[in-house]
Structures are given as C-alpha cells and as structure tokens.
Amino acid sequence: MLHWKDKTGLETIKLIVQQCTSFPNGLYSYQLPLIAKILDGEDVLCIAATGDGKSALFAIPIVILREYNTNYHLYPQGFPTRAHPFGIVITPTKGLANTFVYQLRRDFGLSVLSYNHETISRLQRNKVNFISGILECREWDLICLDPEHLTGKDWRAITDCEFFLSNLLQCTIDEVHLVDEWGRDFRIAFRIIGKFIRGRFPTHVSIVGLTATLLPGAPTTSICKSLGFYRNGFTLFRHSFPDLLSLLNQNCKTVISCQSMDVLYRVLVFLVRCLPINVNPFLRIRPYHALLPAEYNQETIQLMENDPGFMVIVSTVALSFGISIPTVLDNIGIDFPATICTWVQEKGRAGRNHNTIARGITFVTKQTKAAAQKSMQYIIHFILLSLNLL
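Each residue of the sequence shown is one higher than the last, beginning at 0 in numbering that gives the first Met the number 0.
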C-alpha cells in the first residue's frame, strides 16, 4: 500500500488541493505534511497561531478523499482511503460549531452537522432520522459536537456500528488546551475525551489536537497523556512565530511588543527553544511586564543598555510608555494594539539615539486585517453617501 506522506502522495495532495479548492497559493508549508499524516491515520498535535489555517487539517483530508474516490482514474492507486470518508470535530461551544457549518460549506463545499440540542430538536420535529444519516456516512462530511454529546448514550450506540467506524477518517479536538483548563473545573466530559476515543475508535482513525495556546512542558505533557499521545506515536507540530527569526538574526537589539501576557510568553518560549542548548537563554532574551518585580525589570533595561550579548526584550504595553533605551534599534509588534497612540508609542521605543537607523515592524493577523478592510469599506461608503454619490 502507498502512503500519503511519501513523495507521490504529497504531489497528489497538492494536485487535488490545486484543482478542488480556492487556495491561490496552495497549502501552507506546515499543512502539507500534517494532512498527509492524517490521511495515513497518524495522530497529530498542532499548535499554531490563530488565523494560521488549522481548520484545513480536518477539512482538506475529506476534500482529498472525496475527489480521490470520485475521479480515481486521474490519480495513482493504492493510497489508504474510505468508501464514504467523514470526520468528527469536537468543539467546546455551539457557536464555534455553527461557525464551522457556514465556513466549511463556503470554503470547501462540505456538508457539516452541528450536533447540538437545538439541531437535534429541529430534526426530530421534522421527523428526520438523523441517527441513520450519521450511521450511513452519506449525509454529512463532518460532524461537530461537544464532549458531553460525544460521551453520551447516543454516541456510544453510534460508535458500536462497524460501518460507521470503517469510514471514520479522523477525530479532531479543537481548542485542545481546554481538555485541561475546562476539564479540571466545570466540564468534566473534557477529561474523558481521550478515554472515549481510544476505547471506541479503531487505530486507523487519526486523532488530531488543535490549539493556538499550549505552552511546552507540563501543559503539553498533560494534554498528551489525556489524549493518549505517547513518544513516537504521534507528531507534535508547533508553528508559532517563525517570521520573527529572520528579523532577529541581524544583530540589532530589539523590543518585541505583545498585546497580552499569553502572547508574550508564547513568543518568549518560542525564541528560547530556538537558541542552542548550551546557551543560557536569559542572557540573550528576557520578558518585561508589570507583574514582574521592579528590580527584575530594571535589571532587564540595564542589560539591554550595557550588555552587548543581550539582544531581545519581549514586553507588554508596560515598556511602551516613557522608557528610553538608546541601544534599541528595532521594535516588532505582534498584532496591532487597541489605539493608534499606543502603536506610535511602541514604535518610539526604537531609535532613541537619533544617530542610528531604526525600524518599526508590526505583524498583523488575518482577523485584524479583515477588520481593517471592513472598517475601510464603511468609511468609503459613508464618504460616498456624504457626497451623494450613492
């Protein structure tokens, strides 16, 4: 049998994506090997920033197998597939599931069932035998449901069906960090997701965890243990801030401005992990924020001013006002702050020595870009109305 992660499989994936999706530049570089692993039935834990296209990891495999089965004569034969491929996405909220229903139909032409109390009640009122539709694997390409429904009585019966299990391609846990965060406190069903899927699903089903916020160390270890991800039995992919590296390799002292503590420590951990193992990271990089002791923050400023080997401060807004460090040449912002004034203050941390050439750079998320474009449309519409041109 061929494997999707082999060269021929990767080329086939790229060809199908090019033909069957509207992605102008194909898949992101990180998506291709992970999608291939999912198609091969391997487990994946993917930590990537919001807006990085994580949902493609449960949508694209369905698109690929649907096309592969329909036009089998166009592609090399022998790759693992399903007669009626479909997937499950475990979502923490009904709102997120409903978003996927709309988004995946719009972007990929997939039929998605949001399996929640309101949907079930509506289908029952309309005398729709939705359980039969699920078991036959023909009605929907993806089913989104919460952990409480997954581990309930109906789904225990559904997962007893061999035909259903034979066609199940993958089970994705979206916002997988909530397995710990919510499972500890008020939604116990999150804590038993791993036991349920490992006990009920066959080994050919790919188990996928997705999140933008999962720190290395104990939090990641806890999630892996809960979901049954062990050592060489799964792929851990962490795609955080790779574009930073080309900017930080230019021997310029830099302040990285973050809009939240969560982002600050994700950036810090990412950069620390990029350093050689024999280097003390905090002689090169340190955090700066209001919750740290004042003495620590002052020491960080002195290192930036006086130590030629110390290069990066990862900061919140606490470093954006009134603090002057003449050795800083670059300010890099991670997303746009709440106001233009704050953005100007951020960029003003670089180039305090007017005899130097400084840079101010901001990385903007897709959501921020979309919000800005929407605001511009409103402004243009308002101007045209004011000029009686509409």
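All C-beta atoms, glycine included, are put in the ideal place defined by N, C-alpha and C. Remember, it's a predicted structure, so these values are computed and weren't measured experimentally.
Beta-bridge partners of residue i, as assigned by DSSP
i, result
"F78", "Answer is none; F78 lacks a bridge partner."
"V311", "T253 and I284"
"D334", "Looking at the DSSP assignment, D334 forms no beta bridge with any residue, so it has no partner."
"Q376", "In the DSSP output, where bridge partners are listed per residue, Q376 has none listed."
"Q169", "G86 and S205"
Cα-Cα separation, residue i to residue j
i, j, result
"A58", "S385", "44 Å"
"Q249", "M260", "26 Å"
"G40", "H203", "5 Å"
"I324", "I255", "13 Å"
"V316", "H288", "8 Å"
"D51", "L213", "15 Å"
"V266", "P336", "16 Å"
"W342", "N330", "10 Å"
"V262", "G94", "24 Å"
"C19", "Y74", "14 Å"
"V88", "I172", "6 Å"
"S54", "V111", "13 Å"
"R283", "P307", "9 Å"
"T367", "I379", "18 Å"
"I15", "F162", "26 Å"
"E117", "D145", "13 Å"
"V311", "H2", "43 Å"
"E345", "I133", "52 Å"
"N387", "Q376", "16 Å"
"L328", "Y71", "56 Å"
"T338", "I300", "25 Å"
"Y27", "L246", "21 Å"
"I37", "F228", "14 Å"
"K4", "E294", "51 Å"
"G347", "N277", "34 Å"
"L31", "L103", "18 Å"
"Q123", "A96", "19 Å"
"T150", "F195", "7 Å"
"I382", "A371", "16 Å"
"L235", "G182", "22 Å"
"E304", "L290", "22 Å"
Assigned secondary structure, residue i (DSSP; H/G/I helix, E/B strand, else coil)
i, result
"L112", "strand"
"S323", "coil"
"D329", "strand"
"P286", "strand"
"T11", "helix"
"D5", "coil"
"R358", "strand"
"G347", "coil"
"E174", "coil"
"M303", "helix"
"T69", "helix"
"I339", "helix"
"D179", "helix"
"V363", "coil"
"C273", "helix"
"V268", "helix"
"G386", "The residue you asked about is not Gly; residue 386 is Leu in the sequence shown. Three-state result, L386: coil."
"L291", "coil"
"V62", "helix"
"N352", "coil"
"V16", "helix"
"V458", "With the chain running from 0 to 389 in the structure shown, residue 458 is simply not present."
Beta-carbon gap between residue i and residue j smaller than 7 Å
i, j, result
"L177", "P91", "yes"
"H353", "Y29", "no"
"E147", "A82", "no"
"G193", "S225", "yes"
"D140", "L109", "yes"
"F309", "L318", "no"
"F85", "C136", "yes"
"D184", "S221", "no"
"F99", "C143", "yes"
"P280", "V271", "yes"
"T369", "A357", "It should be noted that the sequence gives Ala, not Thr, for residue 369. The answer is no: Cβ separation not under 7 Å."
"G216", "V175", "no"
"L9", "A47", "no"
"T80", "L56", "no"
"P201", "L244", "no"
"T49", "A211", "yes"
"G25", "K13", "yes"
Check your understanding: Residue ranges of each beta strand (DSSP E) run of no fewer than 3 residues wholly in the segment 183-264, ordered along the chain?
Key -> Counting whole runs of 3 or more residues, the segment 183-264 contains the beta strand (DSSP E) stretches 205-210, 233-238 and 253-257.
Check your understanding: Which runs of the beta strand (DSSP E) spanning at least 3 residues fall entirely within the segment 18-60, listed in chain order?
Key -> Listed in chain order, the beta strand (DSSP E) elements of length 3 or more contained wholly in the segment 18-60 are 42-47.
Check your understanding: In chain order, which continuous runs of the beta strand (DSSP E) of length 3 or greater are located wholly inside the segment 97-152?
Key -> The beta strand (DSSP E) runs of length 3 or more contained entirely in the segment 97-152 are, from start to end of the chain, 111-114 and 141-144.
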